[in-house]
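Structure, as structure tokens:
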Amino acid sequence: MMTRKIHPLLIAGTVLVFMFLVGPLIIVLGAALSDTTYLTFPPQGLSLRWFENIFEIDAFRRTIFTSLQIALLSTSIALLIGIPAAYALNRYRIQLPGWLSTLFVLPVLVPELVLGFSLLKNVAVQYNSPIYISLLFGHSLLVLPYVIRVISASLAAFDFSIEEAAISLGSPPLKTFFTILLPNVRSGVIAAFILAFITSINDVSISIFLTGPGLSTLPIQLLAHMEQFFDPTVASVSVLLMILTVAVMAIVERTLGLTFLAK
Amino acid sequence: MKRFAGWTLASPATLLIVVFLVLPVLATIVTTFTTPGGPFATYAAFFGSGFRRTVLWRTVQVSLATTAVSLVIGFLTAYVVSRSPGWLKSILIIAAVFPLLTGVVVRSFAWLIILGKNGILNSTLLKLGLISEPLTMLYTQGAVVVAMVYLFVPLMILTLVGVLEGIPDDLIQASASLGAKPAATFMQVTLPLAVPGLIVGAVLVFTGSFTSYATPQLLGGEQVMMMGTLMYQQAMVTFDWVAASTIAAVMVVITIAIVLLMTRVARRLNPMAV
Chain A
273 MMTRKIHPLL IAGTVLVFMF LVGPLIIVLG AALSDTTYLT FPPQGLSLRW FENIFEIDAF
333 RRTIFTSLQI ALLSTSIALL IGIPAAYALN RYRIQLPGWL STLFVLPVLV PELVLGFSLL
393 KNVAVQYNSP IYISLLFGHS LLVLPYVIRV ISASLAAFDF SIEEAAISLG SPPLKTFFTI
453 LLPNVRSGVI AAFILAFITS INDVSISIFL TGPGLSTLPI QLLAHMEQFF DPTVASVSVL
513 LMILTVAVMA IVERTLGLTF LAK
Chain B
396 MKRFAGWTLA SPATLLIVVF LVLPVLATIV TTFTTPGGPF ATYAAFFGSG FRRTVLWRTV
456 QVSLATTAVS LVIGFLTAYV VSRSPGWLKS ILIIAAVFPL LTGVVVRSFA WLIILGKNGI
516 LNSTLLKLGL ISEPLTMLYT QGAVVVAMVY LFVPLMILTL VGVLEGIPDD LIQASASLGA
576 KPAATFMQVT LPLAVPGLIV GAVLVFTGSF TSYATPQLLG GEQVMMMGTL MYQQAMVTFD
636 WVAASTIAAV MVVITIAIVL LMTRVARRLN PMAV
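Protein sequence lines, in the order shown, are assigned to chains A and B.
For our numbering, add 272 to where a residue sits in the first sequence, where the first one is 1.
For our numbering, add 395 to where a residue sits in the second sequence, where the first one is 1.
Shown next, in the form of structure tokens:
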């Protein structure tokens with residue numbers, strides 16, 4: 273592609289935009305490393321003691337564990353039901369009614385707050401069921417569209433005639449799935465897993481209604497902590513989450529390529 | 396058996412969506428019409444209350460402002476990104492993806508440190524002698540808009556980079572070889588072709604802002620109540636679930652109406668559609 277001249281003002285504007293995007297996160301990093309008991313930037317004295325403090329606060333230890341558990345379980349559920357659904361939508365589209373693809377868009381269309389509140393009111397309270405179940409399925413619904421979208425993109429590049437060849441040579445359907453299809457969409461599965469995982473870990477809008485005494489997730493605990501204390505602990509938890517984000521980006525780059533997210 | 400293969404494979408996901416999304420959300424909406432006061436009593440109460448009308452109007456204002464600013468910033472940045480050489484483009488895309496994948500709490504928290512009474516902005520302005528006492532920036536509509544723009548600009552940039560990269564280079568070259576100046580090519584070729592993508596981006600940002608919770612909660616608080624924070628307050632603080640359901644229903648209707656309307660407009664305005 274030929275390079276065209278871009279107006280210098282546009283370039284200066286773009287530099288400012290990227291400073292605006294990255295700057296605040298650098299400030300959080302600096303605040304987390306400060307040796308003071310209050311939030312400040314630039315950091316005064318470097319210390320890792322606020323990172324140690326995270327694990328001394330019982331509520332953080334507990335909610336980190338809950339968040340990891342919910343993210344792992346909801347992502348597994350979404351993969352377990354999302355991979356067959358994506359396969360059906362790509363392979364058997366003509367058999368399936370048109371409204372089905374609309375139904376699969378609903379988790380994106382319905383505001384998360386409404387989903388969270390409705391699960392609380394009409395599932396947890398109405399049927400007196402454990403709130404954990406609503407939280408888990410709420411998160412599964414939240415991440416399902418990511419799974420279907422990423423797996424569908426991988427399947428679009430898959431040549432279904434390979435699969436037909438295996439079947440016509442006598443390979444049973446399940447074996448065909450595990451030996452032919454799955455290895456071919458492996459990078460899509462990894463990327464879907466990792467994107468779904470980070471989405472679940474970061475969720476506020478669904479979880480805010482489905483947590484309470486005894487059950488909370490990390491972002492909800494962070495919100496609660498922020499309203500009471502203004503010490504660097506929140507900044508250091510934020511930095512931990514940013515480290516997780518870097519790991520996620522590295523994996524997505526290796527599987528789908530980050531440009532996939534710009535589509 | 397093969398005739399049902401599609402259904403069999405799609406049924407677990409279908410079941411999850413129907414049981415845990417469609418039915419509970421429908422139940423929430425239905426209860427707003429079955430109150431003792433008559434089918435529209437809760438809506439009369441919602442729109443009859445000056446406070447709630449103010450909250451709705453403020454939510455629309457904040458969301459429109461966020462969308463407009465994100466569109467301008469996002470489009471110009473995406474234009475530069477899509478015209479950058481390969482290595483620089485990768486770096487810029489990484490710089491946009493990183494905040495996108497960082498959670499909303501972390502990103503809103505950053506603005507709490509910047510805009511607070513003893514925050515970085517105030518202490519810098521004081522040091523420079525530009526102000527004599529700290530400004531109140533937190534818990535204002537402006538703070539919410541700034542943090543929301545921060546939240547949505549990466550999404551806008553990435554969406555629009557995808558759109559701009561999808562515009563065939565031949566069209567740009569044809570325009571240039573027929574004598575159009577770069578500005579004319581931009582206004583008459585690039586911009587019209589990007590309109591459907593701009594609409595998609597705008598819808599994502601508007602509906603995202605309109606139904607947000609964490610950012611208005613942290614940076615707006617009680618003073619800048621929005622639909623999301625009001626809904627939470629009604630549901631979990633005052634335990635008025637009918638009022639919370641009414642807000643939920645208003646949110647669903649407005650979100651879905653905007654998505655349906657704007658996808659139609661985007662399709663109509665697509666110059667590539669014949």
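Glycine residues also receive a C-beta, built at the ideal position from the N, C-alpha and C atoms.
Inset, instruction - Would you identify the three-state DSSP class for residue 351 of chain A, choosing helix, strand or coil? - result: helix
Report all residues from its chain with a CB closer than 6 Å to the CB of residue 472 of chain B; omit the five preceding and five following residues, and keep chain order.
552
- prompt: Around the Cβ of residue 493 of chain A, are there at least 16 other Cβ atoms within 10 angstroms (buried) or fewer (exposed)?
  reply: buried
- prompt: If we count Cβ pairs, one from each stretch, closer than 8 Å, do we get three or more for the region 539-559 of chain B versus the region 569-578 of chain B?
  reply: no
task: Name the two residues that bound the continuous alpha helix (DSSP H) containing residue 526 of chain A.
output: It spans 505-527 - the alpha helix (DSSP H) in which residue 526 of chain A sits, taken as one unbroken run.
Task: Beta-carbon separation (whole angstroms), residue 488 of chain A vs residue 335 of chain A, contact threshold 8 Å - done: 5 Å
- Can you say whether residue 287 of chain A is buried or exposed, counting buried as having 16 or more other CB atoms within 10 angstroms of its CB? exposed
Problem set entry | Inter-residue Cα distance where the pair is residue 497 of chain B and residue 516 of chain A | 9 Å
**Report entry** Burial state of residue 310 of chain A, where buried means 16 or more other Cβ atoms lie within 10 Å
**Finding:** exposed
* At 8 Å on the CB atoms, spell out the chain B contacts of residue 446 of chain A, in chain order. => Under a criterion of Cβ atoms nearer than 8 Å, no residue of chain B is adjacent to residue 446 of chain A; the nearest Cβ is some 12 Å distant.
| task | Label residue 384 of chain A either buried or exposed according to how many other C-beta atoms from any shown protein chain fall within 10 Å of its C-beta, with 16 as the threshold for buried. | result | buried
ask   = Per DSSP, residue 318 of chain A is paired with what?
value = A:306
For this session: Write down the C-beta distance between residue 534 of chain A and residue 300 of chain A rounded to the nearest angstrom, noting that I regard them as a contact closer than 8 Å.
Result: Contact between residue 534 of chain A and residue 300 of chain A does not hold, since the beta-carbon distance rounds to 25 Å and is not under 8 Å.
(request) Evaluate residue 429 of chain A with the Cβ neighbour count: other Cβ atoms within 10 Å of its Cβ, from every protein chain shown; 16 or more gives buried, anything less gives exposed. (result) With fewer than 16 other Cβ atoms from the protein chains shown falling within 10 Å of its own Cβ, residue 429 of chain A counts as exposed.
query = Would you report the Cα separation of residue 455 of chain B and residue 447 of chain A, rounded to the nearest angstrom?
reply = 53 Å
* **Cβ-Cβ distance between residue 302 of chain A and residue 313 of chain A below 7 Å** => yes
*Under 7 Å, do residue 422 of chain A and residue 464 of chain A count as touching if we go by C-beta distance?*
In contact: residue 422 of chain A and residue 464 of chain A (Cβ atoms closer than 7 Å).
For a contact defined as C-beta to C-beta under 9 Å, what are the partners of residue 294 of chain A on chain B?
490, 493 and 494
Q) If the cut is a Cβ gap below 8 Å, which residues of chain B does residue 395 of chain A touch? A) In chain order: 415 and 419.
Check: Grouping DSSP H, G and I as helix and E and B as strand, with all else coil, what is residue 368 of chain A?
Finding: coil
* **Contact set between residue 530 of chain A and chain B, taken where Cβ atoms lie within less than 8 Å** => 485, 488, 489 and 492
Which same chain residues end up closer than 6 Å to residue 401 of chain B when comparing Cβ atoms and leaving out the 5 residues on each side of it in sequence? none
Using the three-state DSSP reduction, which class does residue 487 of chain A fall into: helix, strand or coil? strand
Which chain A residues sit within Cβ distance under 8 Å of residue 504 of chain B? 300, 494, 498, 506, 507 and 510
message = Helix, strand or coil for residue 280 of chain A? Go by DSSP, reduced to three states.
response = helix
- Could you say which of B:451, B:463, B:492 and B:567 lies nearest to residue 649 of chain B if we only look at CA atoms? B:451
Original post:
Of the choices B:424, B:616 and B:600, whose alpha-carbon is the least far from that of residue 391 of chain A?
Top reply: B:424
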